[in-house]
Amino acid sequence: MTANPTTRDRQPAAFDERALRKALATTPRPPRANALTAAVTFGWRGMLKVKHVPEQLLDVTITPVMFVLMFTYLFGGAIEGSTADYLNYILPGVLVMSVLFTTVYSGVALNTDLTKGVIDRFRTLPIWRPAPLVGALLGDSVRYLIAGTVIIVVGVILGFRPDAGVGGVLAALALVVVFAFGLSWVFTTLGLLLRSPNAVMNAGFMGIFPLTFLSNVFVDPETLPAGLEAFVDVNPISILATASRGLMEGSAEASDIVIVLAVAAALTAVFAPLTTRLYRKA
Amino acid sequence: MSAVPSPLAIEATGLVKAFGDVRAVDGVDLAVPSGSVYGVLGPNGAGKTTTIRMLATLLRPDAGGARVLGHDVVDEADAVRGLVSLTGQLASVDEDLTGRENLILLGRLLGLGRQAAKARGAELLEAFELADAAGRLVKNYSGGMRRRLDIAASLVVPPTVMFLDEPTTGLDPRSRNQVWDIIRTLAGGGTTILLCTQYLDEADQLAAGIAVIDRGKVIAEGTPGQLKASVGGGALHVRLLDPEQRPDAERVLIGELGSVNEEADPARLSAPCAEPERGAEAVAQLHRAGVGIADFSLGQPSLDEVFLALTGHPAEEDRAQDQDAETISEAGVA
Chain X
407 MTANPTTRDR QPAAFDERAL RKALATTPRP PRANALTAAV TFGWRGMLKV
457 KHVPEQLLDV TITPVMFVLM FTYLFGGAIE GSTADYLNYI LPGVLVMSVL
507 FTTVYSGVAL NTDLTKGVID RFRTLPIWRP APLVGALLGD SVRYLIAGTV
557 IIVVGVILGF RPDAGVGGVL AALALVVVFA FGLSWVFTTL GLLLRSPNAV
607 MNAGFMGIFP LTFLSNVFVD PETLPAGLEA FVDVNPISIL ATASRGLMEG
657 SAEASDIVIV LAVAAALTAV FAPLTTRLYR KA
Chain B
9 MSAVPSPLAI EATGLVKAFG DVRAVDGVDL AVPSGSVYGV LGPNGAGKTT
59 TIRMLATLLR PDAGGARVLG HDVVDEADAV RGLVSLTGQL ASVDEDLTGR
109 ENLILLGRLL GLGRQAAKAR GAELLEAFEL ADAAGRLVKN YSGGMRRRLD
159 IAASLVVPPT VMFLDEPTTG LDPRSRNQVW DIIRTLAGGG TTILLCTQYL
209 DEADQLAAGI AVIDRGKVIA EGTPGQLKAS VGGGALHVRL LDPEQRPDAE
259 RVLIGELGSV NEEADPARLS APCAEPERGA EAVAQLHRAG VGIADFSLGQ
309 PSLDEVFLAL TGHPAEEDRA QDQDAETISE AGVA
């Protein structure tokens, strides 16, 4: 007994008791969602976030445009003799670079997600365990596609005319996105190991930045010191850039494409299970 | 392992979970009957959240084990996940989506078709009076609306066992009453609910059985009535108009109720008082003795008093240390 009654003063209820009873009573348990449905649903979640906060696409659109303009007009004349020639060389390279830079954000986004309560709900759902991760990366792939498309459109406006036409460009874009999907598993692993989104961002760029610059994205490696040239030649990012140039010019070598796909598959095979394990234990 | 039919919805024996050197949960036993609301009561950092996370398959126990509806939470985690739902301490909804999108998302993940998920979402938004806010981002919801959505999200496919971790912490009294009403309705429908709370009042209002937990151990168990009786009932609180009259007031209260508790504020007095009639008589005696009273109340024992009685230390005392434990557990989550 208390002197100040607490609960029984009747306020308008915040719910319709009868409707609630009905809602509880009528639902038979549906069959489990299959793996594909679950993953695609998580991809849809990623898309919804873009829809609600479209500004977040700025980093995947503005930055690449800046890169294209900066490298073409700042370095083009010096490196290749003319900006038009250099554009043909660098555009596939910048496509590779900007899409790969975007993959770091997959790890950052996952790390951010972990600080939210909703992750607990996802982890108590009876679904295919990797679904939240695979789904998020499917959604991110759409971002990669957007980043890549922006680069190509800007390039075309500046005078980029690839020999292999639309088909070649689309093939190159597809190859880059597939590689990015594989690479982003590295960053989701990082996203689960590090403590803050900022740490993921820093560590991610500390790795991806030198790897990208020590490739043939910007310059032909022939002028490099021998040791460096050897590294640049085996750097998968170089091979990806070479394959993309080849696809756009109609002179791609099958071996390059196979190597790129194999590296993407290997990264996925190693880091996807690792990410899933860490996610389950997180 | 086969599912052994059990009258107990949740059965935990010797659950242990340590984070570094801190044993957040240190041998917890629980037996929760089917179809009841069971309260797990304790201060911040007592190990409530860690316990609930083990039962909901989010954490693997270091030792001991638990079965939910007959399924082992480690070996048959997936079967458990199909039968339970969790409303966590942090709101377990996606703040960057709308209320409607949250419910459709969960509906799809739980196996409903596109149309069925939409219809189910609409039905729940209606039932929880959230239809008007359906298209708004959850981060713009009030605390009470967010909680209601959170509970609705747990009901997209009605669970057999529901875990509620401090569902009213941080809510204003009106929203709290709404959540209580929802919990009562759910319990009335036969759902087993494990309710973690730091409010004795809340456990008292809702739970048929309560386990009091402190420093990772269950230190008392029983019905709310038994628990309060074990603490020796409530207390009479009096605030004097004139602190100078305190000696007179103390004399009267000791005469009527036997003893007076220590209070820091010289104008305030309290005395243990199990029976309301004797409290009323004591107030009348104060008046007859010419002691001016600003106000008085006859209260149930607070969680602090329960703790003091059960453990010999107040619930607050270990905050600092226990919050460390909670922080570590959060870090373990991240």
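Note that the protein sequences, when read in sequence, are chains X and B. Take any residue in the first sequence, note its place counting from 1, add 406, and you have its number in our numbering. Take any residue in the second sequence, note its place counting from 1, add 8, and you have its number in our numbering. For every residue, glycine included, the Cβ atom is placed at its ideal position computed from N, Cα and C. These numbers were taken from a predicted model, which means no experiment stands behind them.
- For B:Val146, no alpha helix (DSSP H) segment is defined, and its DSSP state is neither H nor E.
- Runs of beta strand (DSSP E) with 3 or more residues, each lying fully within the segment 212-267 of chain B, are found at 217-222, 225-230, 242-248, listed in chain order.
- Straight-line spacing of the CA atoms in B:Val146 and B:Glu283 works out to 47 Å.
- Taking the beta carbon of X:Gly523 as reference, the chain B residues within 8 Å of it are Gly96, Gln97, Leu98, Ala99, Ser100, Val101, listed in sequence order.
- Annotation: the segment 579-631 of chain X contains the following complete segments of the alpha helix (DSSP H) (minimum length 4 residues), in chain order: 603-619.
- Chain B has no Cβ within less than 9 Å of the Cβ of X:Leu684.
- Bridge partners of B:Asp173 according to DSSP: B:Cys204.
- The beta carbon of X:Tyr550 sits closer than 6 Å to those of Val505, Thr508, Val583, Ala586, all from its chain and outside the five residues before and after it, given in chain order.
- Counting C-beta pairs closer than 8 Å gives fewer than three between the segment 555-565 of chain X and the segment 640-648 of chain X, which falls short of the contact rule.
- Taking one beta carbon from each stretch, the segment 202-212 of chain B and the segment 36-53 of chain B have 3 or more pairs nearer than 8 Å; the two touch.
- The residues Asp569, Ala570, Gly574, in chain order, have a CB closer than 7 Å to that of X:Gly656 in the same chain once the five nearest residues on each side in sequence are set aside.
- Our two residues, X:Arg686 and B:Asp83, have alpha carbons roughly 14 Å apart in a direct line.
- Taking 9 Å as the threshold, the shortest C-beta distance from X:Asp526 to chain B falls below it.
- Taken through DSSP and simplified to helix, strand or coil, B:Glu137 comes out as coil.
- In the DSSP assignment, B:Asp303 falls within the beta strand (DSSP E) that extends over 301-307.
- Taking the C-beta atoms as reference points, B:Ala275 is found nearer than 9 Å to B:Ala302.
- Judged by beta-carbon spacing, B:Leu248 lies beyond the 9 Å limit of B:Leu306, meaning their Cβ atoms are not closer than that value.
- For B:Glu109, the C-beta contacts it makes with chain X under 7 Å involve Leu454, in order along the chain.
- Along the length of the segment 99-128 of chain B, whole alpha helix (DSSP H) runs at least 4 residues long occupy 107-117, reported in chain order.
- Measuring C-alpha to C-alpha distances from X:Thr443 to each of B:Glu229, B:Arg122, B:Ala87 identifies B:Arg122 as the nearest.
- For X:Glu423, the chain B residues whose C-beta falls within less than 8 Å of its own C-beta are Asp189, Thr193, listed in chain order.
- Here the segment 129-139 of chain B makes no contact with the segment 75-93 of chain B; the two share fewer than three CB pairs at distances below 8 Å.
- Between B:Gly47 and B:Gly217, the gap from beta carbon to beta carbon is short of 9 Å.
- Counting only residues of its own chain and dropping the five nearest sequence neighbours on each side, B:Asp70 has a CB closer than 7 Å to the CB of Val24, Lys25, Ala26.
- Distances from the alpha-carbon of B:Ser150 to those of B:Arg254, B:Thr65, B:Asp180 put B:Asp180 closest.
- Counting C-beta pairs with one atom in each stretch, the segment 257-268 of chain B and the segment 221-236 of chain B have fewer than three that are closer than 8 Å, which means they do not touch.
- Contact with chain B is found for X:Thr530, since one of that chain's Cβ atoms lies less than 9 Å from the residue's Cβ.
- Taken in chain order, the members of the segment 448-473 of chain X whose beta-carbon sits within less than 9 Å of a beta-carbon on chain B are Phe448, Trp450, Arg451, Leu454, Lys455, His458, Val459.
- By the Cβ criterion, the segment 423-441 of chain X is in contact with the segment 161-169 of chain B, since at least three pairs of Cβ atoms, one from each stretch, lie closer than 8 Å.
- Spanning the alpha carbons of X:Leu667 and X:Ala542 requires a straight line of approximately 21 Å.
- Proximity of B:Thr177 to chain X, defined by a Cβ-Cβ separation below 9 Å, is not satisfied.
- Using a CB distance below 9 Å, no part of the segment 216-237 of chain B faces chain X.
- Here B:Gln206 is not near B:Leu63, since their CB atoms are 9 Å or more apart.
- Going by DSSP, B:Lys25 is part of the beta strand (DSSP E) stretching over 16-27.
- For X:Gly574, the three-state secondary structure derived from DSSP is helix.
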